[in-house]
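Residue numbers (the working numbering), protein chains in the order written: chain A, 1139 to 1343; chain B, 3 to 243; chain C, 65 to 118; chain D, 23 to 247.
Here a beta-carbon is modelled for each residue, glycine too, at the ideal position from N, C-alpha and C.
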Amino acid sequence: MQAEGLELWRGDRCLFRDLSFELPEEKALHVSGPNGCGKTSLLRVLCGLSEPEEGAVRWRGKSIRRDREDYHQAFAWLGHLNGFKAELSARENLAFSVSLRRKTDDEVRNNTLDQVGLTAAADLPCRVLSAGQKRRLSLATIMLSAARLWILDEPFTNLDSKGREMISELLNSHCASGGAAIVAAHQELGVEQPYLQHLKMEDAV
Amino acid sequence: MWKLFHQFGSPPHFYRLAGYLIPWFGAAALILILIATYGGLVLAPADYLQGDGFRIIYVHVPSASMSLFAYTLMATAAGIGLIWRIKLAHAVAAAVAPIGASFTFLALATGSIWGKPMWGTWWAWDARLTSELILLFLFLGYMSLRAANDDVGKADRASGLLAVVGVVNVPIIHYSVEWWNSLHQGATIIKLGKPAITGDMLWPLLMMLAGFGFYFATVMMIRTRSQVLQRERKSQWLKSL
Amino acid sequence: MLSEFLHMGGYAGYVWSSFGLTAAVLLINLVGAQRQFKQRLAFVRRRIAAEDKT
Amino acid sequence: MSGPMSGFGTVLARDLRLAFRRPGEMANPLLFFVLITAIFPLGLSPEPELLRTVAPGILWGAALLSSLLALDLLFKNDYEDGSLEQLVLSGHSLPVLVLAKTLAHWVVSGLPLVLAAPLLASALYLPAHAWDTLMLGLLIGTPTLSLLGAVGAALTTGLGTGSALLSLLVLPLATPILIFGARGVDLAVQGLDPVGPMYLLGAILFLAVSLLPLAIATAVRISLD
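Set out below in structure tokens:
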């Protein structure tokens, strides 16, 4: 993945300009910077949710605007919002989110729920889950997405120390198996050195 | 061709060109409108059926034409802006909306004033008046949607999409209103703007139409220039103003 | 002659109000557009001046 | 992924399931429809002759307003909990997904109106031989209303302007549906052939189904930016 000369404005404020980077496979890009510097906005541009003022994002040499659906299939996105329906149970939510991407059987999903420690809460409606539990459910979605690229916005929020360690492990094994990740976070990712890449953002002008 | 398109689409180029054209277009509009007004009010003979009352045609019909033209232009510009991501096109669309809404309002108001002596009532559900009323709501919806978005880029795209959806709908609305009107009123009411027009009645009308066209272009260019100023973030060329 | 012209064959109120209204709306539109343009231009100039200082 | 319609069934099933978990919200448009229709006799007069003449307009106007009322929420919930983003980024064709959402919405808000229409029609003394025209018109007219409304809903989602703006955007666009639908019933009441306006409603529906999902998808993308 490549980003070239990205520039984005919000109102009369320029969040970033001439931002470029290259992310090869087997790397995790750690995006850091103070609050309000445009981390989330950058991630949304990389997803194709927002249009940059200037510049382009390329995936395997092709602009992401060219073949939108193809690109979207290649990555999994975790934003501030988890995207779960309050009325549906954790299990139903997971089944829906995953089935949009690929076919899985109940067993695989149950295993994943177990892995993120949600077996006991699997049949509760999402309304009653805690913020941390919902975050864990999102992680389960990401794990099952089979995406090559993960774009995660502040995945550590609301998670306990065990949950945070889990993310680090997940990122390590994802990179080890040839995947790539872009993670916006204030803290260290806990990803092993050879996989790690940094992008420090500065305050908006 | 593509290059020409882009050169014209470059804001600084447009800004300068418009600055040069505005006084000329404004003068042309003024002269044409004045002559047409004289022709319409003094030289044209009174209509044998509607007497001097028919002279309202000289402001009503051109306003109605301009309002429809404005909507089409707005939607076309917005469509170009959406497809090719040309900011100038969005600026044009945003600039046209208030002018179009004014002409729509004028067509409604003068139509209603004309209706009073002709039909004995200020408002009749005449096909054209009804269509203009719906058109006014289309313009108002466009402008409200634009005002509700605080980010210019987002406002451009959202309202532009609405205009494009609207313009596909306009012929359907027009046809449905005509059909609805013909079912109910038939020939009992004199249709506005359809007296037997003779040559000396026609030329002031056409001239007024041309004058309104130049006026439209003048105000549109002024408004587009302000829209361009609002959108341009790279200040290099702005420094030379 | 002039009073007859102003009388408009009995339609004076209708004809003159239509033309008057049209003139008023066209004028307001033009003035409003000009004023908006001047404000924007002044704003842009101020911003550029502020940028040059820093 | 597999085929152009992939994801359609998944989204349709989820939205229907969600709707059935919130039966109160589902009943709202229908209640509103009944309420508007009931208000007119109170405001006008219980005179059967009068009600019979205005019934087509009242029924169609009420249907238009109540389908608009429900549309406000079409994308709002998904927008607020983040599932709209996930849909956009799911790798399926977005027009297909929004078509599924709109269809689900129509099934729970538009279809009940069609089924309830004869009941209300009889309350307004509309002759029984015009009921089939009324139902047919609503059956092919309300999906167009839902699609048009979905464009407006997508454009106003996330603006926090409430439903007044949505109505201002959509009502003018929906006038042809109202005209053809209500006139069709009118013709049927008079014993004339209502097939003309019904064909026109069908043609508009065809146009709407083929073009509007694209517009809705674009509007959703814009509102997420």
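Please state if the CB of V98 (chain B) and the CB of L75 (chain B) are separated by a distance shorter than 7 Å. It is a contact, given that the beta carbons lie within the stated cut-off.
Determine the closest residue to L140 (chain B) out of D:G132, D:A150, D:L191, D:A77, with distance taken between C-alpha atoms. When the alpha-carbon of L140 (chain B) is set against those of D:G132, D:A150, D:L191, D:A77, the nearest one is in D:L191.
Return the bridge partner residues of K1338 (chain A) from the DSSP annotation. Answer is A:S1170, bridged to K1338 (chain A).
Three-state secondary structure (DSSP) of K1241 (chain A): Correct three-state label for K1241 (chain A): coil.
Measuring straight from C-alpha to C-alpha, what distance separates L1277 (chain A) and L146 (chain D)? Rounded to the nearest angstrom, the two C-alpha atoms are 56 Å apart.
Counting Cβ pairs closer than 8 Å, one from the segment 158–178 of chain D and one from the segment 89–107 of chain D, do we hit at least three? Yes: the two stretches touch, three or more of their Cβ pairs being nearer than 8 Å.
Provide the residue(s) that pair with A88 (chain C) in DSSP beta bridges, ordered along the chain. Under DSSP, A88 (chain C) shares a beta bridge with no residue.
For chain D, check one thing: does any of its Cβ atoms lie closer than 7 Å to the Cβ of D1192 (chain A)? It is Glu, not Asp, that sits at residue 1192 (chain A) in the sequence shown. So no, E1192 (chain A) is outside the interface.
Using a Cβ-Cβ distance under 7 Å, would V120 (chain D) count as near chain B? No, because no Cβ of chain B sits closer than 7 Å to the Cβ of V120 (chain D).
Can you give me the C-alpha to C-alpha distance between H92 (chain B) and W128 (chain D), rounded to a whole angstrom? The alpha-carbon separation between H92 (chain B) and W128 (chain D) amounts to approximately 33 Å.
If you drop the 5 nearest sequence neighbours on each side, which residues of the same chain put their C-beta closer than 6 Å to that of A139 (chain D)? If we look at A139 (chain D) and ignore the five residues flanking it on each side, its Cβ neighbours are L156, M157, L160.
So which of A:T1250, A:P1332, A:G1143, A:L1334 has the shortest CA-CA distance to M1304 (chain A)? Checking every option, the nearest Cα to that of M1304 (chain A) belongs to A:T1250.
For K241 (chain B), which three-state DSSP category applies? Note: K241 (chain B) maps to helix in three-state DSSP.
Please tell me whether A1166 (chain A) and V1329 (chain A) are closer than 7 Å, where the distance is taken between their beta carbons. At a Cβ-Cβ threshold of 7 Å, A1166 (chain A) and V1329 (chain A) count as neighbours.
Under 9 Å (Cβ pairs) to chain A, residues found in the segment 66–82 of chain D: The segment 66–82 of chain D vs chain A, Cβ under 9 Å: nothing.
Burial state of T200 (chain B), where buried means 16 or more other Cβ atoms lie within 10 Å: Per the 10 Å Cβ criterion, exposed.
So with Cβ pairs under 7 Å, would you call V79 (chain C) a contact of chain B? Put simply, the CB of V79 (chain C) is near chain B, with a gap under 7 Å to one of its CB atoms.
CB contact check: R104 (chain C) to chain B, cutoff 7 Å: For R104 (chain C), the answer is yes, since a Cβ of chain B falls inside 7 Å of its Cβ.
When you compare only the Cα positions, how much space is there between A1259 (chain A) and R1302 (chain A)? Distance between the alpha carbons of A1259 (chain A) and R1302 (chain A): 19 Å.
Show which residues of chain D have a CB atom less than 9 Å away from the CB atom of F105 (chain B). Here the premise fails: no neighbours, minimum Cβ distance about 17 Å.
For F1213 (chain A), write down the residues that DSSP places opposite it in a beta bridge. Bridge partners of F1213 (chain A): A:L1287.
Verify the CB distance criterion: does A111 (chain B) have a CB-CB separation below 7 Å to chain C? Chain C, which has a Cβ nearer than 7 Å to the Cβ of A111 (chain B), makes this yes.
Could you tell me whether any Cβ in chain C is nearer than 7 Å to the Cβ of P13 (chain B)? No, its Cβ sits nowhere closer than 7 Å to a Cβ of chain C.
CA-to-CA distance, P47 (chain B) to L208 (chain B), given in whole angstroms: Those two C-alpha atoms are separated by around 16 Å.
Note down the Cα distance separating V173 (chain D) from Y1209 (chain A), rounded to an integer number of angstroms. When rounded, the distance between both Cα atoms is 25 Å.
Which residues mark the beginning and the end of the beta strand (DSSP E) in which G83 (chain D) is found? For G83 (chain D), there is no enclosing beta strand (DSSP E); the enclosing alpha helix (DSSP H) has its first and last residue at 70–93.
Is it true that the CB of I201 (chain D) sits closer than 7 Å to the CB of W182 (chain B)? Yes. Within cutoff.
Anyone know if the C-beta pair for L142 (chain B) and A160 (chain B) falls short of 7 Å? Remark: C-beta atoms of L142 (chain B) and A160 (chain B) do not approach each other more closely than 7 Å.
Excluding five sequence neighbours on each side, which residues of the same chain lie with their C-beta closer than 6 Å to the C-beta of I35 (chain B)? Counting only Cβ-Cβ distances below 6 Å, and skipping sequence neighbours, we find G213.
From I244 (chain D) to V120 (chain D), what does the alpha carbon distance come to, in whole angstroms? If you take the alpha carbons of I244 (chain D) and V120 (chain D), they lie about 14 Å apart.
Assuming R1151 (chain A) and N1220 (chain A) form a contact by the criterion Cβ under 8 Å, report the distance between their Cβ atoms to the nearest whole angstrom. The C-beta distance from R1151 (chain A) to N1220 (chain A) rounds to 28 Å, too long to meet the 8 Å contact threshold.
Cα-Cα separation, A1224 (chain A) to A204 (chain D): Cα-Cα distance, rounded: 40 Å.
Sub-7 Å separation of V207 (chain D) and P51 (chain D) beta-carbons: No, Cβ-Cβ distance for V207 (chain D) and P51 (chain D) is not below 7 Å.
Nearest-angstrom Cα distance between A1233 (chain A) and R130 (chain B)? Going by the C-alpha atoms only, they are around 55 Å apart.
Determine which residues share a DSSP beta bridge with K118 (chain B) and list them. Beta-bridge pairing by DSSP links K118 (chain B) to no other residue.
In whole angstroms, what separates the C-alpha of R1286 (chain A) from that of E1207 (chain A)? Note on geometry: alpha-carbon atoms of R1286 (chain A) and E1207 (chain A) lie some 14 Å from one another.
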